[in-house]
Structure formats: structure tokens, C-alpha cells
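Before any comments, here is the structure.
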Amino acid sequence: MTPAAFAELDLGALEHNLSRLREAAPRAKVMAVIKANAYGHGMVRVASALPTADAFAVARLDEGVALREAGIRQRIVVLQGFICPEELELHARFDLEPVIHSVHQIDLLEQHPPRDTRLGAWVKLDTGMHRLGLDPAEFRDCYQRLSGNVHLKDPLPIMTHLANADVVTDTTTERQLAVFNGVASDPVERVAANSAGLLAWPASHAEWVRPGLALYGVSPFPFRSGAKDGFRPVMTLKTRLIAIKNLRRGDPVGYGGDWICPHPTRMGIASIGYGDGYPRSAASGTPVLVNEQSAPLIGRVSMDMITVDLTEHPQAHVGDTVTLWGQGLPVEEVARHANTIPYVLLCNVTQRVRMIEQR
Ligand SMILES: *Cc1c(COP(=O)(O)O)cnc(C)c1O
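Residue numbering for the sequence shown is 1085 to 1443, as defined by the numbering used here.
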């Protein structure tokens, strides 16, 4: 039995994209961001396919533990760090490097020092995103407190996160970097750049860079695509046509009858829907590929199916392949039609979609 909806994962594209990123930031080490199941691609799978990454970053402790349990040996940074002594101890036990972003965490470190090991940790400065990170006004004191802690490795690297690096005309990034450089001028290792910082803001490169989305071959910039910038999409989401119908002018299609055929329409039904992670917000007109040729979505996306206009594709028939995004159809473009961002589309692919690895 062939799976209806499946995602082909071009694992070779990961190392290709990593080397493209290294070309863009030749002096920086790369911390590959593989949080949220590697943006839907499979965390352990992606980590295993990136043997040359200098480190990995995940959002949460359980993600780091899962990587260690799967035998991943590179350095692993946990972006949210710990909030209690048990989580602190687990970082030590699994050799995970927490990000220390709050005074609460510094207190915990002093009250419950990790046993039998010196923990690698990263200190996060809030340069203006106002999510995680120490305030610039408290940073020096905090950093000194941490530097005096014999349970931590020395010297402590420093990080920050950019709030708007994908908007290349906005000055927020410059202001954030000025704050970062003002506080983190000591000769310690630093990291600031996400994918957009890495690609658009060379001043953000520092000793490390921290890309996520671009590793998967996808552009962080609105109105661009990774494929046009020399990246290769890792995920190509596909299904097949399961029925074809000829409709008359005026026939409504799908739930709510939102789409009304403006002319006699050859309509294809493809086996994928929001139950697979294809966005319900995809509007009529969103492109799909039928046998590698573009055809527009018509009507509402339902849980298990979508409907497409095949009037211009008289040769298409039941069983033919339908591509929703990936090779030949950038997920960035689909995201625009669905009024969302490619991050969301990739993360939302559900368990029902069979993952097929390709090398
Ligand atoms: C997710 C994340 C990244 C990676 O961002 P991309 O835009 O996917 O490159 C980097 N740093 C932090 C703190 C993150 O949360």
C-alpha cells in the first residue's frame, strides 16, 4: 500500500545548506537549530545528517535529552535552560549547555550547584526583543556572579536574539547589535545571528551563528525563496490525485460552497488536508504541482482532502503525484497564499504524513 500523503526528506540538502551558510559566514562556527522536531523534519534524523555542525541548539531540556539518548555527541545548547534544581541537574547529567537568561536561574545555580561536573552555559542578554535575557543594566553584575561560580566552565559565552532581522530596512537589528557589542565586548565567544541575521547582517556574525530555517533550505525573508538563493529544500510534501470530476458552471465546491465554478471545470481531488498539516487558511488560487505543473487550489481545504482546478491539465489522472511544497514549489510561496510563515507550515506537518528519507 502506498501512503497517501508523504514528505520526501532530502537529507543531503542539509549538509549542502550548511555549507552555503558557512560561505555566508566564513569565520563563524555554526550552532544548528533543530528545536520543534527540527522544524518538522525529525530532530534525531536531522542531527544525524549534520555530522559537521559545530553544535546543536534546541528549545527545551527534553529535546536535548532525546538527542543524547539517540547518541548525538556534538555540543547541545538548550535555549530555555532550566527553571528548577531537577532540570539543572539533568543538564549536568546529559552534558547539555543551558542558556542562563534570568536572575532566577543564577540563584538556582548558587543554591543547587551541579554535582561532579562543570557545566557549560551560555549567558543571554536581552538587547531589545524583550522575551528571554538579562537586562543590559543588570548584565555586568550577573555575568560577574556567574564567572565566579566554580561549577561553570570558564569563560562563559554570551548570546542574544534578534527580533526583526528578516526586515532588512529596519534599524532594530543595528540597535540590538550596538547594545550587544557594548556589553559583550570582552574576548568571550558570542552568538546573535539567526538565519536572517546570518544572511543579511554580517555585523551579527561573531564567533558563532545560530541558523534554523535556512538549514532546511527555506528563506527567512518575506518575498524570497531559499531555492533562489542557492539553498535546497529538505522537505517536499506530496500526495496523489484520488478522484477527478467534471463540474458545470455554477457548481459549488466543498464546505460552505465558497468556490463556485465560473466555467465548466475539470476538478481533481487530492488526498491531503489540514489533518496532515496542509493549512486550512490556504486560499483558492494557492498553487500545487500536478505532475510538476502548477494548478490552483479551489474551495476550502478540508481535513483529508483538497480540490484543485485541472481544467488546464487534461492529461492528469487518478494516481498522479501532487506536490504541495518543496522541490519546484517553495514553501515560502505557499505560506504567502495561506497568510502565514513557512516556519508554521513545516512545524505543523502531522504524524499522519509518512516521512521518506532520501540521500
Ligand atoms: C528559533 C531560534 C533560532 C533560529 O531562528 P531561524 O529564524 O529559524 O534561523 C535562533 N535563536 C533562537 C533563540 C531561536 O529561538
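Cβ coordinates follow ideal geometry from the N, Cα and C atoms, glycine included. Predicted model only: the values in this text are computed from it and were never measured.
Buried or exposed (CB count within 10 angstroms, at least 16 for buried), residue i
i	result
ILE1160	buried
PRO1135	exposed
GLY1124	buried
HIS1214	exposed
GLU1258	exposed
VAL1293	buried
GLN1189	buried
THR1349	buried
ASN1278	buried
ARG1157	exposed
SER1378	exposed
VAL1207	buried
beta-carbon residue i near ligand 1 non-hydrogen atom, thresh 6 Å
i	result
GLY1124	no
GLY1444	A question about residue 1444 goes unanswered here, because the residues of the chain that appear run from 1085 up to 1443.
GLY1341	no
GLY1296	yes
HIS1245	yes
ASN1278	yes
VAL1275	no
VAL1117	yes
PRO1304	yes
Three-state class that DSSP yields for residue i in the structure shown
i	result
ASP1094	strand
GLU1291	coil
ARG1152	helix
ARG1438	strand
GLU1396	coil
LEU1408	strand
LEU1413	strand
VAL1433	coil
PRO1426	helix
ALA1249	coil
HIS1401	coil
ARG1303	According to the sequence as given, residue 1303 is Ser; it is not Arg. Residue state, collapsed to three classes: coil.
PRO1260	For the record, residue 1260 in the displayed sequence is Gln; it is not Pro. The answer is helix: DSSP assigns GLN1260 an H, G or I state.
SER1309	coil
GLY1296	coil
HIS1125	coil
ARG1144	coil
ALA1419	helix
GLY1165	coil
LEU1134	coil
ALA1088	coil
Bridge-paired residues (DSSP) for residue i
i	result
ALA1139	MET1115 and ARG1159
ARG1274	ILE1242
VAL1183	TRP1206
THR1391	ILE1353 and ILE1382
MET1319	LEU1093
Interface flag, residue i vs chain C, CB-CB below 7 Å
i	result
THR1201	The chain inventory of the structure shown lacks chain C, comprising one protein chain alone.
Handout entry: Residue ranges of each beta strand (DSSP E) within the stretch 1187 to 1246, 3 or longer
Key = 1206 to 1208
Practice task
Go through the stretch 1321 to 1384 residue by residue and report every complete run of the beta strand (DSSP E) that reaches 3 residues or more, in order.
Solution key: 1349 to 1354, 1371 to 1374 and 1377 to 1382
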